[in-house]
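In what follows, a structure is listed as structure tokens, so that the remarks can point back to it.
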Amino acid sequence: MPVTQVQWLTQLNAVDLESICDATAEAIQNGIGFDWIHQPPRARLEAYWRGVMLVPDRMLVVGRFDGVIAGTGQLVKPSANNEAGAFNTILSTFFVAPWARGHGLARAMLRDISRRAREEGFLQISLDVRETQTAAIQLYEGAGFKRWGIKDRYAKVGTKYIRGYFYAKDLTEP
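Quick note on numbering that gives the first Met the number 0: the sequence shown kicks off at 0 and runs consecutively.
This is how it looks when you write it as structure tokens:
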């Protein structure tokens, strides 16, 4: 039986950097690569994840499958000068690699993200997703996220535009 675990990271060691880059590359190849269409060079993926760890307003959660990072999510805090929006955090780069799906890891990560956002004092989580990511949409809606908007020209792949959906979850509700 595989073991899944959700963990908040404040640093990436070499093994974790390797596995997070592998999971990211697989997500990109499967069309869920948080805005990448084509897989970038490995050095760029490594630089991206190292950069995430340097930004104080980003909190990185990982999902592990048998100890290996198989998914991620980031809570992005509003900037210090955004007093009016200080109640809201944004969920970004949320994915689980194809080989680790079907074991409840995404649901567990999303539950822990909501818990952590509440602990940090946020009243709402916002996110956006491409219409083609139907499994993610089902997950978000099942977790209490409500769709509040649609953008027809959200992403462009080749010559085709893809709609984007915008969601928010009220963390004051049970």
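In this text, a Cβ means the ideal position worked out from N, Cα and C, and glycines have one as well.
Check each candidate in Tyr153, Ile124 and Ala99 and name the one with the smallest Cα separation from glutamate 140.
With distances taken between Cα atoms, glutamate 140 lies closest to Ile124.
Please state whether the Cβ-Cβ distance between phenylalanine 94 and glycine 120 is less than 8 angstroms.
Result no, Cβ atoms of phenylalanine 94 and glycine 120 do not sit closer than 8 angstroms.
Can you tell me which residues form a DSSP beta bridge with asparagine 87?
Gln123
In terms of alpha-carbon separation, which member of Glu82, Gln4 and Arg129 lies closest to serine 91?
Checked all of Glu82, Gln4 and Arg129; the closest Cα to serine 91 is Arg129.
Enumerated in chain order, which unbroken segments of the beta strand (DSSP E) with a length of 3 residues or greater are wholly contained in the segment 42-109?
57-64, 67-75 and 87-95
Take the Cβ of methionine 58 as the centre, count every other Cβ of all protein chains shown within 10 Å, and call the residue buried at 16 or more, exposed below.
buried
Mind checking which residues open and close the beta strand (DSSP E) that includes leucine 8?
3-8
Excluding the five sequence neighbours on either side, which residues of its own chain have a C-beta within less than 8 angstroms of the C-beta of cysteine 20, listed in chain order?
Beyond the five residues adjoining it in sequence on each side, cysteine 20 comes within less than 8 angstroms, by CB distance, of Arg41, Leu44, Glu45 and Trp48 in the same chain, given in chain order.
Can you tell me where the alpha helix (DSSP H) with glycine 141 in it begins and where it stops?
Its alpha helix (DSSP H) spans residues 133-141.
Tyrosine 160 and isoleucine 149 - do their beta-carbons sit closer together than 8 angstroms?
If you check the CB distance, isoleucine 149 and tyrosine 160 do not come in under 8 angstroms.
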